[in-house]
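Student: There's a structure below that I have some questions on.
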Amino acid sequence: MSNVIVLSDSDESLVSVTNEHEYHFNAVNNFDIPDVPFHNKFVENLMSQSKVLPDSNLNDDYEQPEKSSGSEDNQIERTSQEAKKNGLKKRKDTLKEERMKRQQALAKEKALRIIEKKILKDTRPGECLKFMEVNLDQGIDRIILRGEIERTLQDAGVKYNVTNELILSSITWQRNIEENYIDADNSIRTNKRIQLENYAVVIWSSYEAVRHVAEDTFCTSISKIMDLIPNYNITLIIYGMEEYFAYWKKKKSKRNSKNKEPGFNSKDTQRFDALPNVSRQQLEMCLAEIQIIHKCTSRLIETSKDLALLVYQYTKSISEIPYKLQKKENQESKFDWYVMGDNKNTVRVDKDGNGLKRLWQQQLCQFNLSSLETSEAICTVYPSPLQLIKAYRNCTPDEGINLLKDIAMRRAAGPLTTVRKIGPELSKKMYVMFTSQNGDALLG
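Everything in the sequence shown is counted per UniProt numbering, starting at 1 for the first residue and increasing by one.
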């Protein structure tokens, strides 16, 4: 009979069981069964562990992976949506900035066009005269009344000022310049300033001119004026010299005749008798001297109307200087040859070719020793430049030089007209012109 081991989770003692079946354990001793350490302390340890981890937590542990994966997906989705919103916002901001830049660029370009158009309008002849001012020295009144000059300038719409100039009895000019620029708001702003023109007119009476010629101080006086206003282009106006010369001419003729010449009163005699007698040749020598040495031009004026007209002409010419300089610069930048007379003696050629023969004749007339009869004679033999060039290509140099010399030309129509030949000189020039490969070669 084998020993029986009873496993139980109750708290009852195991003594009774072992007493009842004691004989069974004693009968069989050949089995070695290991002891099982099952005790209440072991169960208590298990219960304590179960209290630490309750069932609800165990269930949460099983459901936690599903919840964490869902929150990550929501977070990613929210992040992507926020990124899209930020990207759209940045794109809108970028488009808005680009639109603003384009609008500012268009506004700036429009303002620049307006400024350019205004500058072209202000420098145009007729418009530029409005920006000029004429400075009249008060000393002009001792030579001639300013009234005629002032009326002429007023009629032309030119402003004038009566001032005390550095040079007595002189006239100077100044220009009102408007400088346009664009501010940060693409608005057009204007700054005004005054620019002094380096031109001056000095008015001398016949008394001053005669005195300087007689004392040999004519050139010295101009030199002093040049020192006071350096870098100025000076024009000397002498008022009343023809009257002076007429007086002495009549006085000389009066001496030779016994009868008294009419037209001389005591006032004229007193005015010119006090002055020395100077010849016209002496005055012209002095005027030539100041023009060569000091580059000072001169004019002889007899009436106040002529003087007023001269002041207006100078004002108009000075006002058009920027326009003429700009025009010259544009022409020189486009062409490296002389085209100032491009609208003179031109030939019109239509789409059907009418006018080509006339154009060919006009080109031939540009040669020296050539005329309309010469060009017509050449055109009868060679109606176009291409035919003439082909003829030159089929010739030797000696033959080409003499190709045109024997062509006859008539000076007029009719049986009595003379006939002459073109000659070797013009023939040689035309051969060099149409065959030379050197652009600097001389036609001879």
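For each residue, glycine too, the CB sits at the ideal point set by N, CA and C. Note that the structure is a prediction, hence the values are computed from the model and not measured.
Threshold first: 3 residues or longer. Then list the beta strand (DSSP E) segments lying entirely within the region 111-199, N to C.
Tutor: The qualifying runs are 132-137, 159-163, 170-182.
Student: Kindly give me the distance between the Cβ atoms of N233 and Y207, rounded to whole angstroms, as I take these residues to be in contact under 8 Å.
Tutor: Residue 233 sits at position 233 when you count from the first residue of the sequence shown. Residue 207 sits at position 207 when you count from the first residue of the sequence shown. No, N233 and Y207 are not in contact; Cβ-Cβ is about 25 Å, not under 8 Å.
Student: Secondary structure at I422, three-state DSSP: helix, strand or coil?
Tutor: Working through the sequence shown from its first residue, we reach residue 422 at position 422. In the structure shown, I422 sits in coil (DSSP, three-state: anything other than H, G, I, E or B).
Student: Do the region 223-237 and the region 161-181 make contact, defined as three or more Cβ pairs closer than 8 Å?
Tutor: As far as the Cβ criterion goes, the region 223-237 touches the region 161-181, which means the pair count is three or higher.
Student: Quick check on this structure: which residue in Q195, I171, T396 has the alpha carbon closest to the alpha carbon of I177?
Tutor: By one-based count along the sequence shown, residue 177 stands at place 177. Out of Q195, I171, T396, Q195 has the C-alpha closest to the C-alpha of I177.
Student: Indicate the three-state DSSP secondary structure (helix, strand or coil) for T217 in the structure shown.
Tutor: Start at 1 with the first residue of the sequence shown, and residue 217 comes out as number 217. DSSP places T217 in coil when its eight states are reduced to three.
Student: Mapping the DSSP letters down to three states, classify Y232 as helix, strand or coil.
Tutor: As a working mapping, residue 232 is identified with position 232 in the sequence shown. Of the three classes helix, strand and coil, the one that applies to Y232 here is coil, per DSSP.
Student: Helix, strand or coil for T94, going by three-state DSSP, please let me know.
Tutor: Walking along the sequence shown from the start, residue 94 turns up at place 94. Of the three classes helix, strand and coil, the one that applies to T94 here is helix, per DSSP.
Student: Return the first residue and the last residue of the beta strand (DSSP E) that S298 is part of.
Tutor: As a working note, residue 298 is residue 298 in the sequence shown. Taken as a continuous stretch (DSSP letters only), the beta strand (DSSP E) holding S298 covers 297-301.
Student: I think V202 touches L236, with their Cβ atoms under 8 Å apart; what is that distance to the nearest whole Å?
Tutor: Locating residue 202 in the sequence shown gives position 202, where the first residue counts as 1. Locating residue 236 in the sequence shown gives position 236, where the first residue counts as 1. Contact holds; Cβ gap of about 5 Å.
Student: I'd like the list of long-range same chain contacts for R146, defined as Cβ closer than 8 Å, with 5 residues on each side in sequence excluded.
Tutor: Start at 1 with the first residue of the sequence shown, and residue 146 comes out as number 146. Counting only Cβ-Cβ distances below 8 Å, and skipping sequence neighbours, we find L136, I140, V162.
Student: Just grab the DSSP bridge partners of I222 for me.
Tutor: Stepping through the sequence shown from its first residue, residue 222 is reached at position 222. Answer is none; I222 lacks a bridge partner.
Student: On a CA-only basis, which of E127, R102, V311, E243 is nearest Y323? Give me that one, please.
Tutor: Position 323 of the sequence shown holds residue 323. Nearest C-alpha to Y323: E127.
Student: Could you check the C-alpha separation between P262 and R175 for me, to the nearest Å?
Tutor: Position 262 of the sequence shown, counted from the start, is the residue given in the question as residue 262. Position 175 of the sequence shown, counted from the start, is the residue given in the question as residue 175. The pLDDT assigned to P262 is 47, lower than 50, so where the model puts this residue is not dependable, and the model offers no usable value.
Student: Within a Cβ cutoff of 8 Å, which residues of the same chain sit near G157, ignoring the five residues on either side of it in sequence?
Tutor: In the sequence shown, counting from the first residue as 1, residue 157 sits at position 157. Hits under 8 Å: L129, K130.
Student: Who does M409 pair with in a DSSP beta bridge?
Tutor: Walking along the sequence shown from the start, residue 409 turns up at place 409. Bridge partners of M409: R420.
Student: For L388, count neighbouring Cβ atoms within 10 angstroms of its own Cβ and tell me buried if that reaches 16, exposed if not.
Tutor: As a working note, residue 388 is residue 388 in the sequence shown. Label assigned to L388: buried.
Student: Within the continuous alpha helix (DSSP H) that includes A391, where are the two ends?
Tutor: Here residue 391 refers to the residue found at position 391 when the sequence shown is read from its first residue. From DSSP, the alpha helix (DSSP H) with A391 extends over 385-393.
Student: For the alpha helix (DSSP H) that contains A377, what are its first and last residues?
Tutor: If you number the sequence shown from 1, residue 377 lands on position 377. Unbroken alpha helix (DSSP H) run through A377: 372-381.
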